[in-house]
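Asker: Let me give you the structure first, and then I'll get to my questions.
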Amino acid sequence: MRISPTKFISLLFFVLSVFYLYSAYNIQVFAFDENAPFNARTFPIYLGWAGIVLSSLKIILPEKNTIIVNHKHLDYKSITYLVIISLIYAAVILKIGYFISTSLFLFASYYFLGERRWGLMFILSFPFVSAFMYLLHGLLNIYLRDPFLKYIGVMG
Amino acid sequence: MIEGILIGLSTALSFTNILMVMVGCFAGTIIGMLPGLGPMTAIALMIPITYGFDPSTGLILMAGVYYGAVFGGSTSSILLNAPGIPGTVATAFDGYPMAQQGKAGKALAIAAYSSFAGGTISAIFLLIAAPSLSKVSLAFRSPDYFALMILGLTAISAFSSKGQFLKAMMMVVLGLMLATVGQDSLSDITRFTFNNMNLTDGISFVLIVMATFAMSEALTIIFRGKDPNRAAKQISLTELGSIKVNKEETIKMAKTIPRSSILGFLIGVLPGAGATIASFLAYGMERNYVNEEEKQKFGKGSVHGLSAPETANNAACSGSFVPLLTLGIPGSGTTAVMLGALLGFGIQPGPRLYQTNPEIFWSVIMSMYIGMVVLLILNLPLIPYIARILAVPRNYLIPLILFFSVTGIYLMSFNNFDIFLMIGIAVVATFLRLYDFPMPPLILAFVLGGLMEETLRRSLLISDGSPNFLWDRPITLIILIITIVIIFWQIFSTFRKKT
Numbered sequence: 001m002r003i004s005p006t007k008f009i010s011l012l013f014f015v016l017s018v019f020y021l022y023s024a025y026n027i028q029v030f031a032f033d034e035n036a037p038f039n040a041r042t043f044p045i046y047l048g049w050a051g052i053v054l055s056s057l058k059i060i061l062p063e064k065n066t067i068i069v070n071h072k073h074l075d076y077k078s079i080t081y082l083v084i085i086s087l088i089y090a091a092v093i094l095k096i097g098y099f100i101s102t103s104l105f106l107f108a109s110y111y112f113l114g115e116r117r118w119g120l121m122f123i124l125s126f127p128f129v130s131a132f133m134y135l136l137h138g139l140l141n142i143y144l145r146d147p148f149l150k151y152i153g154v155m156g
Numbered sequence: 001m002i003e004g005i006l007i008g009l010s011t012a013l014s015f016t017n018i019l020m021v022m023v024g025c026f027a028g029t030i031i032g033m034l035p036g037l038g039p040m041t042a043i044a045l046m047i048p049i050t051y052g053f054d055p056s057t058g059l060i061l062m063a064g065v066y067y068g069a070v071f072g073g074s075t076s077s078i079l080l081n082a083p084g085i086p087g088t089v090a091t092a093f094d095g096y097p098m099a100q101q102g103k104a105g106k107a108l109a110i111a112a113y114s115s116f117a118g119g120t121i122s123a124i125f126l127l128i129a130a131p132s133l134s135k136v137s138l139a140f141r142s143p144d145y146f147a148l149m150i151l152g153l154t155a156i157s158a159f160s161s162k163g164q165f166l167k168a169m170m171m172v173v174l175g176l177m178l179a180t181v182g183q184d185s186l187s188d189i190t191r192f193t194f195n196n197m198n199l200t201d202g203i204s205f206v207l208i209v210m211a212t213f214a215m216s217e218a219l220t221i222i223f224r225g226k227d228p229n230r231a232a233k234q235i236s237l238t239e240l241g242s243i244k245v246n247k248e249e250t251i252k253m254a255k256t257i258p259r260s261s262i263l264g265f266l267i268g269v270l271p272g273a274g275a276t277i278a279s280f281l282a283y284g285m286e287r288n289y290v291n292e293e294e295k296q297k298f299g300k301g302s303v304h305g306l307s308a309p310e311t312a313n314n315a316a317c318s319g320s321f322v323p324l325l326t327l328g329i330p331g332s333g334t335t336a337v338m339l340g341a342l343l344g345f346g347i348q349p350g351p352r353l354y355q356t357n358p359e360i361f362w363s364v365i366m367s368m369y370i371g372m373v374v375l376l377i378l379n380l381p382l383i384p385y386i387a388r389i390l391a392v393p394r395n396y397l398i399p400l401i402l403f404f405s406v407t408g409i410y411l412m413s414f415n416n417f418d419i420f421l422m423i424g425i426a427v428v429a430t431f432l433r434l435y436d437f438p439m440p441p442l443i444l445a446f447v448l449g450g451l452m453e454e455t456l457r458r459s460l461l462i463s464d465g466s467p468n469f470l471w472d473r474p475i476t477l478i479i480l481i482i483t484i485v486i487i488f489w490q491i492f493s494t495f496r497k498k499t
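So the protein lines, in turn, are chains A and B.
Numbering of the first sequence is given in this note's numbering, commencing with residue 1 and proceeding in unit increments.
Numbering of the second sequence is given in this note's numbering, commencing with residue 1 and proceeding in unit increments.
Below you can see the structure in the form of structure tokens.
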């Protein structure tokens, strides 16, 4: 038997709802709140049941329009690169600071998306981020945490 | 009232205050355009600046920023499908497809005219009906709000799901589930945090909207090998001509604007409802009003579909000032920030504001007209330049969208957990989009989740745990009957399509 992707997603949602409902029943409430008409568990319990009912209906009822996605036309390679670069960016942003991490993220993203105009890539990364930081931090007075620039004395 | 209007005009038309409206509208438009930086951020940034001014000037500046940011948010919705605020999510439904068809300039012009008309009409309503309308919103109780939110979520599921009602309702439940993460507002009990301190304050709205719209849109473009640059090339070639709105489109707008203004204003008056519900309901209502041929164009670049939410969200912005100024209850998150600023000035908004500070009450209302004119004059000539954002090639546009998304989140918390979470949600949203699971119901549910739980809590406590509150009050009952009609209509239309 072949299960359609929509039904598979609905099945995952069903599992999520069951887990959510289980977690909802395990929310610790104050002793005096235990039998109250409404406590911290009530709304999540309703939601858990709603999720179970809706996903069950989606799984059980016949599918009217099956959505066909041609996976051969999907660019898994580029999206994987972008997600990995984004994850590395998120991991290092606090350690090496906003300016360097963002500039390197932009430069790497341009490269992996197939751009090879090095001059433009450079302008739209390091100077662009500098200008953006000046706009936020210098002109709009929005605090931008950057330990590295603070260390070398560029930012106050 | 005439005396009040004159007081308001004399205050609002002072050189300083006109300058503040202009600066506010311009700054708001620029900030609102950047995905992740919505009017709340923009107004919050203005609070320290306004302490240097007198209260009416400060409030006028913030009101200008509010309108500007709402328009700026519409711009990023139309051009990038990246709404900075929930009130402009519905704008993207037809604005973005229109931009992709090479009509970005026209879409922005329709948005500007609709915003102007919606804002102006609702400012007139505000002027005439502020005192009596506050009584209407006072008549609403928790069960009515709860029913109204159920109606809003059902309506958005019905109207944005492209015939996939169950999928949309699943997204609603997912949005509500995400909204329950973090501390319970009343008891402070943490829920679904799994001992992770980063989740104690819950998941931020900006994170969810960035992940499910901006970031996932960027990833989808790469994933499907789409090229948004195609539309951009057309815009750059025909940028001046594309701003013009033809006679047929003007007639369509003229039909849409009055009803969306009234709806937007009335929804805006209800505390907590605001621009988001107004824009979604206006979109849904408009879809019901138009003929079958026009209905087919919804979601593909319909003039009605773009004009309705734009009119309604601006009308709701004006409407949200009614509970703020007359009751001291903010009508939206943005007016809540304004309430904080007013309290900082030592002013307590409420029924006595008329008597104690009439110049504040009336000058804010008068500045709304000026703000709308400024927005139109400021934004229309800038449309060809704003539209050029789309001319950025895909290889640059995608990393820049990701950059703005990450920066928006980083600015809020300086915490890389939020960035990881955003990437995770964006990847999931990208796959869900592939199989036509709509994101707008998730967003609206997430925004309303906290308020919905609060109103349900109050309703159940008042009725001692009994579900009687659902039919005890006529307003609640009527709203729920409308909701049931929508659900049955969905079932019926599915059955009709099958047969």
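Note that the Cβ used here is the ideal one computed from N, Cα and C, for glycine as well.
(1) Going along the segment 81-111 of chain A in order, which residues come within less than 8 angstroms of chain B, judged by CB to CB distance?
(2) Could you tell me whether the segment 32-48 of chain A touches the segment 5-23 of chain A, using the rule of 3 or more Cβ pairs below 8 angstroms?
(3) For Thr-180 of chain B, which option in B:Trp-489, B:Tyr-289, B:Leu-451, B:Ile-425 has the closest C-alpha, if you only look at C-alpha atoms?
(4) Along chain A, in chain order, which residues have C-beta atoms closer than 9 angstroms to that of Gly-465 of chain B?
(5) Name the residues in the segment 434-449 of chain B whose C-beta lies less than 9 angstroms from a C-beta of chain A; which are they?
(6) Please look up how many angstroms separate the CB atoms of Val-303 of chain B and Lys-252 of chain B, rounded, as I've assumed it's under 8 angstroms.
(7) So Ala-50 of chain A contacts chain B; which residues on that side make the cut at Cβ distance below 7 angstroms?
(8) When you compare only the Cα positions, how much space is there between Gly-4 of chain B and Thr-11 of chain B?
(9) Taking Ala-117 of chain B as the reference, which of B:Ser-74, B:Pro-441, B:Ser-157, B:Ala-254 has the closest Cα?
(10) Using the three-state DSSP reduction, which class does Lys-233 of chain B fall into: helix, strand or coil?
(11) Could you list which residues in chain B have their beta carbon closer than 7 angstroms to that of Tyr-20 of chain A, in chain order?
(12) My assumption, with CB atoms under 8 angstroms, is that Met-338 of chain B sits in contact with Met-62 of chain B. Please give the rounded CB distance.
(13) Per the DSSP calculation, Arg-191 of chain B is bridged to which residue(s)?
(14) Tell me which residue opens and which closes the alpha helix (DSSP H) that Phe-38 of chain A is part of.
(15) Count the CB pairs spanning the segment 277-296 of chain B and the segment 95-109 of chain B that are closer than 8 angstroms, and state whether there are at least three.
(16) Could you give the residue range of the alpha helix (DSSP H) that holds Pro-147 of chain A?
(17) For Gly-449 of chain B, does the three-state DSSP call read helix, strand or coil?
(18) Could you list which residues in chain B have their beta carbon closer than 8 angstroms to that of Lys-150 of chain A, in chain order?
(19) Residues of chain B with a CB under 7 angstroms from the CB of Phe-43 of chain A: which are they?
(20) Quick one, are the C-beta atoms of Phe-265 of chain B and Phe-125 of chain B less than 8 angstroms apart?
(21) Would you call the segment 425-438 of chain B in contact with the segment 207-222 of chain B, where contact means no fewer than 3 C-beta pairs closer than 8 angstroms?
(22) Does Gln-164 of chain B come out as helix, strand or coil in the three-state DSSP assignment?
(23) So that I know if they touch, is there some Cβ in chain B lying closer than 8 angstroms to that of Lys-58 of chain A?
(24) Please decide whether Tyr-410 of chain B counts as near chain A, where near means a Cβ-Cβ distance under 8 angstroms.
(25) Examine chain A for any beta-carbon lying closer than 8 angstroms to the beta-carbon of Ile-222 of chain B, and answer yes or no.
(26) Tell me where the alpha helix (DSSP H) around Asp-94 of chain B begins and ends.
(27) Which of the three DSSP states, helix, strand or coil, is assigned to Glu-63 of chain A?
(28) Among A:Asp-75, A:Tyr-110, A:Glu-63, whose alpha-carbon lies nearest the alpha-carbon of Thr-220 of chain B?
(29) Which word fits Ile-277 of chain B, buried or exposed, when buried means at least 16 other C-beta atoms lie within 10 angstroms of its C-beta?
(30) List the residues of chain B whose Cβ lies closer than 9 angstroms to the Cβ of Leu-161 of chain A, in chain order.
(31) Exposed or buried, which one is Lys-106 of chain B when buried takes at least 16 other CB atoms within 10 Å?
(32) Assuming Ser-115 of chain B contacts Ser-74 of chain B (C-beta within less than 8 angstroms), just tell me the rounded distance between them.
(33) Less than 7 angstroms between C-beta atoms, sequence neighbours within five positions excluded: which residues of the same chain meet that for Phe-192 of chain B?
(34) Considering only their Cβ atoms, is the gap separating Pro-39 of chain B from Ile-360 of chain B smaller than 8 angstroms?
(35) By the 10 Å Cβ neighbour count, where 16 or more other Cβ atoms means buried, how is Gln-234 of chain B classified, buried or exposed?
(36) Taking beta-carbon pairs under 8 angstroms, can you tell me which members of the segment 417-428 of chain B lie near chain A?
Answerer: Looking at the coordinates:
(1) Correct list: Leu-82, Val-83, Ser-86, Leu-87, Tyr-89, Ala-90, Ala-91, Ile-93, Leu-94, Tyr-98, Thr-102, Phe-105, Leu-106, Ser-109, Tyr-110.
(2) Result yes; three or more Cβ-Cβ pairs closer than 8 angstroms.
(3) For the residues B:Trp-489, B:Tyr-289, B:Leu-451, B:Ile-425, the minimum Cα distance to Thr-180 of chain B belongs to B:Leu-451.
(4) Correct list: Ala-36, Pro-37, Phe-38.
(5) Of all residues in the segment 434-449 of chain B, Leu-434, Tyr-435, Asp-436, Phe-437, Gly-449 have a Cβ within less than 9 angstroms of some Cβ in chain A.
(6) 4 angstroms between Cβ atoms; contact.
(7) Among the residues of chain B, those whose CB is under 7 angstroms from the CB of Ala-50 of chain A are Val-173, following chain order.
(8) Those two C-alpha atoms are separated by around 11 angstroms.
(9) Comparing C-alpha distances from Ala-117 of chain B to each of B:Ser-74, B:Pro-441, B:Ser-157, B:Ala-254 shows the shortest one belongs to B:Ala-254.
(10) In this prediction, Lys-233 of chain B has a pLDDT of 40, which is less than 50 and means its spatial position is unreliable; nothing more can be read from the coordinates.
(11) Using a Cβ-Cβ cut-off of 7 angstroms, Tyr-20 of chain A is close to Met-177 of chain B, given in chain order.
(12) 6 angstroms between Cβ atoms; contact.
(13) Arg-191 of chain B is bridged to B:Gly-182.
(14) Counting along the chain, Phe-38 of chain A falls outside any alpha helix (DSSP H), and DSSP gives it neither H nor E.
(15) Pairwise C-beta distances place the segment 277-296 of chain B out of contact with the segment 95-109 of chain B, as fewer than three of them are shorter than 8 angstroms.
(16) Membership of Pro-147 of chain A in the alpha helix (DSSP H) is indicated by the continuous run 147-151.
(17) Helix, per DSSP.
(18) Within 8 angstroms Cβ-Cβ: nothing; Lys-150 of chain A doesn't reach chain B, min ~13 angstroms.
(19) The answer, in chain order, is Thr-180, Glu-453, Leu-456.
(20) Result yes, Cβ atoms of Phe-265 of chain B and Phe-125 of chain B sit closer than 8 angstroms.
(21) Flag = yes, the segment 425-438 of chain B and the segment 207-222 of chain B touch.
(22) Per DSSP, reduced to three states, the secondary structure at Gln-164 of chain B is coil, with no helix or strand assignment.
(23) Chain B contact via Cβ: present.
(24) Yes, its Cβ sits closer than 8 angstroms to a Cβ of chain A.
(25) By this cut-off, Ile-222 of chain B is an interface position.
(26) Per DSSP, the unbroken alpha helix (DSSP H) holding Asp-94 of chain B starts and ends at 89-100.
(27) Coil at Glu-63 of chain A, not helix or strand.
(28) Here the closest residue by C-alpha is A:Asp-75.
(29) Counting C-beta atoms within 10 angstroms of its own C-beta, Ile-277 of chain B has 16 or more neighbours from the protein chains shown and is therefore classed as buried.
(30) Since the displayed chain A opens at 1 and closes at 156, residue 161 of chain A lies outside it and no answer follows.
(31) Counting Cβ neighbours within 10 Å, Lys-106 of chain B comes out buried, since at least 16 surround it.
(32) In this structure Ser-115 of chain B is in contact with Ser-74 of chain B, their Cβ atoms being roughly 7 angstroms apart against a cut-off of 8 angstroms.
(33) Result list for Phe-192 of chain B: Thr-180, Val-181, in chain order.
(34) At a Cβ-Cβ threshold of 8 angstroms, Ile-360 of chain B and Pro-39 of chain B do not count as neighbours.
(35) Confidence is the limiting factor: at Gln-234 of chain B the pLDDT is only 41, short of 50, which leaves the residue's position unreliable and the question unanswerable from this model.
(36) Against chain A - using a Cβ distance shorter than 8 angstroms - the residues of the segment 417-428 of chain B are Ile-419, Phe-420, Ile-423, Val-427.
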